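Okay, so the sequence shown: first residue is 1 according to the UniProt record's numbering, each after it adds one. We put the beta carbon where it would ideally sit given N, CA and C, even for glycine. Treat the numbers as computed from the prediction; the structure is a model and nothing was measured. To start, the structure under review is shown below, and the notes come after it.
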Amino acid sequence: MARLLRTLRSSQPVARFQRCCGLFPASEEGGGGGDPSEEGRDRGACNGAGAQRRPGAPVRSGERSAAQVRAAVTQHSNRIPGGRRDGGGCTQKYIVKNYFYYYLFKFSAALGEEVFYITFLPFTYWNIDHSVSRRMIIVWSIVMYIGQVSKDILKWPRPFSPPVVKLEMRTDAEYGMPSTHAMAATAISFSFFIATLKQYKYPFELGLVAAFVFSALVCLSRLYTGMHTVLDVIGGALISAVLLVLLYPAWDVIDHLLLTSPFCPLLSIVVPLVLCYNYPKLDNYSPTRGDTTTILGAGAGATVGFWLNNQLAAPAYTSKIFQFGFHLITAKIAVIMLARFFIGIVVILLTRQLMKNVALGMLGYRYKFPMGDLEAQRRLEVEVPCKFITYSSVGFSATVIVPLLHELLGLM
């Protein structure tokens, strides 16, 4: 068992998976080549802060320490023809021999990013069902917080490069175990499946397969992009599955309290803020604290919105069409759904930009730094309130402001 775990935690299975899918380092002539030696890894690796390294190995002359690379990897860099420029200052070129897998897994990786959360979760609220959306957002917030904190407590490294080709830069500054992409994909797909199973008419097998395929694609994309080991991905999916099993019996109770408890707004704001300010401290900056604040902020704003809508008996979106089958969706209904979505997304994006500028302006005035000072924005007293204000406003806007606008425009 120990040997199996060591194998799953190593970089070699990731590199072999990439080669099977047609992704090679440019240094492997003809797409072949064996695994580099340990010495080669230390000399030529393009690794971020979370990249694997022999325990206790010294930093050689001219080689950056993990702390230096972590600081550098978060800086912006330009893409170059035939490869990418690593944040650590070295250039890693790669060869793509199968563009189907390349674009499939690049797209699948995006399903675990902010662009997916900020579109799919609101779409569910505006066009499918309030209760489904509420359950998904609560599960997503809890699962992602546990996953992000676990990363910075365990501090397991990401795969070596080489032999692994790394297609992403920003997340390379984080640690690896567990994969929060795998956790989010498992939580969202299966919570959606469980929440809709009894309410809407579709085959059980179809829903189960769809949830599994969605989760599997995101998990495999983390191997293809070189961001996680096999153990990171399996661990993330299993943790998420266990949390779903534990949370499922309490779904209705939690949902009822969120809608009716007079303490809901206060707790929805205070608890996430306390968790964000007491996030595990690291020796060097990592984007995980900011990402966690983004997630908890969005969840807090949405939760306050759910509670307020229930108190004011705000009109709800009708979803009867889905209860009788998707075949009843007409062209008119499809147009209304798209109109709701695009109007809502525009409002969300405007809210995010406006509140970010307002929050940064206020904090810059308070702590005496210019708005373009990225280093100042990484400080705890700036990053947490800025992201929390921004994304709690986004969550509140999606659940309260956008529905009011939809009602005004006759789209309810």
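What is the residue span of the alpha helix (DSSP H) that F120 lies within? Taking the first residue of the sequence shown as position 1, residue 120 is located at position 120. That run of the alpha helix (DSSP H) goes E114 to N127.
Tell me the DSSP bridge mates of P25? Along the sequence shown, read from residue 1 onward, the residue named residue 25 stands at position 25. For P25, which the question treats as bridged, DSSP gives the partners Y94.
Suppose you measure from the CA of V69 to the CA of A110; what does that come to, to the nearest Å? By 1-based counting over the sequence shown, the position of residue 69 is 69. By 1-based counting over the sequence shown, the position of residue 110 is 110. In this prediction, V69 has a pLDDT of 38, which is less than 50 and means its spatial position is unreliable; what the coordinates show is noted afterwards. Going by the C-alpha atoms only, they are around 24 Å apart.
Count the other C-beta atoms from every protein chain shown that fall within 10 angstroms of the C-beta of G32, then say buried if there are 16 or more, exposed otherwise. For the purposes of this step, residue 32 is taken as the residue at position 32 of the sequence shown. The predicted model places G32 with a pLDDT of 42, which falls under 50 and marks its position as unreliable, so this point remains unresolved.
What is the DSSP secondary structure of R378, counted as helix, strand or coil? Here residue 378 refers to the residue found at position 378 of the sequence shown. Reduced to three states, the DSSP call for R378 is coil.
For H406, count neighbouring Cβ atoms within 10 angstroms of its own Cβ and tell me buried if that reaches 16, exposed if not. If you number the sequence shown from 1, residue 406 lands on position 406. Classification for H406: buried.
Would you say A298 and S392 are within 8 Å of each other, going by their C-beta atoms? For this step, residue 298 is matched to residue 298 along the sequence shown. For this step, residue 392 is matched to residue 392 along the sequence shown. Yes, they are a contact pair.
Give the single residue among F116, K356 and P403 whose Cα lies nearest to the Cα of F306. On the sequence shown, residue 306 is found 306 positions in, with the first residue counted as 1. Of F116, K356 and P403, the residue nearest in Cα terms is P403.
Check whether the region 344-358 touches the region 261-281, taking contact to mean three or more Cβ pairs, one atom from each stretch, closer than 8 Å. The answer is no - the region 261-281 does not touch the region 344-358, with fewer than three Cβ pairs under 8 Å.
Buried or exposed for P162, please, with buried defined as at least 16 other CB atoms from any protein chain shown within 10 angstroms of its CB. Position 162 of the sequence shown, counting from 1, holds the residue named residue 162. Buried: at least 16 other Cβ atoms inside 10 Å.
So, is R6 buried or exposed, given that buried needs 16 or more other C-beta atoms within 10 angstroms? Position 6 of the sequence shown, counted from the start, is the residue given in the question as residue 6. Label assigned to R6: exposed.
Measure from the alpha carbon of T303 to the alpha carbon of each residue in L23, Y101, N98 and P122, then state which is nearest. In the sequence shown, the residue the question calls residue 303 occupies position 303. Taking only the C-alpha atoms, the option nearest T303 is P122.
Could you please give the first and the last residue of the uninterrupted alpha helix (DSSP H) stretch that includes D373? In the sequence shown, residue 373 corresponds to position 373, counting from 1. Where D373 is concerned, there is no enclosing alpha helix (DSSP H), given that its DSSP letter is neither H nor E.
Distance CB(C276)-CB(V394) smaller than 8 Å: Here residue 276 refers to the residue found at position 276 when the sequence shown is read from its first residue. Here residue 394 refers to the residue found at position 394 when the sequence shown is read from its first residue. Contact flag unset, no.
Suppose you measure from the CA of A182 to the CA of T399; what does that come to, to the nearest Å? For the purposes of this step, residue 182 is identified with residue 182 of the sequence shown, where counting begins at 1. For the purposes of this step, residue 399 is identified with residue 399 of the sequence shown, where counting begins at 1. Cα-Cα distance, rounded: 26 Å.
Is the region 283-293 close to the region 125-135, with three or more CB pairs under 8 Å? Three or more beta-carbon pairs separated by less than 8 Å are not found between the region 283-293 and the region 125-135, which leaves the two stretches without contact.
Would R366 be called buried (16 or more neighbouring beta carbons within 10 Å of its own) or exposed? Numbered from 1 along the sequence shown, position 366 holds the residue referred to as residue 366. By the beta-carbon neighbour count (other beta carbons within 10 angstroms, threshold 16), R366 is exposed.
Could you spell out the range, first to last residue, of the alpha helix (DSSP H) harbouring S10? Along the sequence shown, one-based indexing puts residue 10 at 10. DSSP places S10 outside any alpha helix (DSSP H), giving it a letter other than H or E.
Pull up the CB-CB distance for T186 and A237, whole angstroms please, since I reckon it's below 8 Å. Reading the sequence shown from its first residue, position 186 is the one you call residue 186. Reading the sequence shown from its first residue, position 237 is the one you call residue 237. 5 Å between Cβ atoms; contact.
Touching or not, the region 219-235 and the region 99-113, by the rule of three or more beta carbon pairs under 8 Å? Short answer: they touch.
Taking CB distances under 8 Å as the criterion, tell me whether S131 reaches chain B. In summary, chain B is missing from the structure at hand, where a single protein chain is found.
Sorted by chain position, which residues of the same chain lie with C-beta nearer than 7 Å to K155's C-beta, five sequence neighbours on each side aside? The residue given as residue 155 occupies position 155 in the sequence shown. Around K155: Y175.
When you compare each of G344, I188 and L167 to L408 by their alpha carbons, which one comes out closest? Here residue 408 is taken as the residue at index 408 of the sequence shown, counted from 1. The shortest Cα separation from L408 among G344, I188 and L167 belongs to G344.
Where does M144 land, buried or exposed, given buried means 16+ other C-beta within 10 angstroms? Taking the sequence shown and counting its residues from 1, the one referred to as residue 144 is at position 144. By the Cβ neighbour-count rule, M144 is buried, with 16 or more other Cβ atoms within 10 Å of its own.
According to DSSP, is S240 part of a helix, a strand, or is it coil? Taking the sequence shown and counting its residues from 1, one reaches residue 240 at position 240. Here DSSP, grouped into helix, strand and coil, assigns S240 to helix.
Hey, quick one: how far does the alpha helix (DSSP H) through M193 stretch, first residue to last? Taking the first residue of the sequence shown as position 1, residue 193 is located at position 193. The sequence as given places Phe at residue 193; Met does not occur at that position. T180 to L197 is the extent of the alpha helix (DSSP H) around F193.
Secondary structure at K387, three-state DSSP: helix, strand or coil? Sequence index remark: in the sequence shown, residue 387 carries index 387 (1-based). Looking at K387 - three-state DSSP - the assignment turns out to be helix.
Are I95 and F190 closer than 8 Å when you measure CB to CB? Taking the first residue of the sequence shown as 1, we reach residue 95 at position 95. Taking the first residue of the sequence shown as 1, we reach residue 190 at position 190. Contact annotation: I95 and F190 have beta-carbon atoms that are not nearer than 8 Å.
Here's the rule I'm using: 16 or more other beta-carbon atoms within 10 Å means buried, otherwise exposed. How should I295 be labelled? Within the sequence shown, residue 295 is the residue found at index 295, counting from 1. Buried: at least 16 other Cβ atoms inside 10 Å.
Could you check if A15 is buried or exposed, using at least 16 other CB atoms within 10 Å of its CB as the buried criterion? Walking along the sequence shown from the start, residue 15 turns up at place 15. With 16 or more other Cβ atoms from the protein chains shown falling within 10 Å of its own Cβ, A15 counts as buried.
Given a cut-off of 8 Å on the beta-carbon distance, is the pair M136 and F204 in contact? Here residue 136 refers to the residue found at position 136 when the sequence shown is read from its first residue. Here residue 204 refers to the residue found at position 204 when the sequence shown is read from its first residue. Not a contact, by the Cβ cut-off of 8 Å.
Less than 8 Å between the C-beta atoms of D152 and P13, yes or no? Within the sequence shown, numbered from 1, the residue matching residue 152 stands at position 152. Within the sequence shown, numbered from 1, the residue matching residue 13 stands at position 13. Against a cut-off of 8 Å, the Cβ pair of P13 and D152 comes out as no contact.
Inspect the beta-carbon positions of M169 and D232 and report whether they are closer than 8 Å. Indexing the sequence shown from 1 puts residue 169 at position 169. Indexing the sequence shown from 1 puts residue 232 at position 232. Cβ distance not < 8 Å, so M169 and D232 don't count as in contact.
Residue range of the unbroken alpha helix (DSSP H) whose run includes T351: If you number the sequence shown from 1, residue 351 lands on position 351. A331 to Y367 is the span of the alpha helix (DSSP H), which, as asked, contains T351.
Judging by CA-CA distance, which residue of R289, S150 and P272 is the nearest neighbour of A300? If you number the sequence shown from 1, residue 300 lands on position 300. Considering only alpha carbons, the answer is P272.
Considering just the uninterrupted stretch of the alpha helix (DSSP H) at L409, what are its terminal residues? As a working mapping, residue 409 is identified with position 409 in the sequence shown. L409 -> no alpha helix (DSSP H), and no H or E assigned at all.
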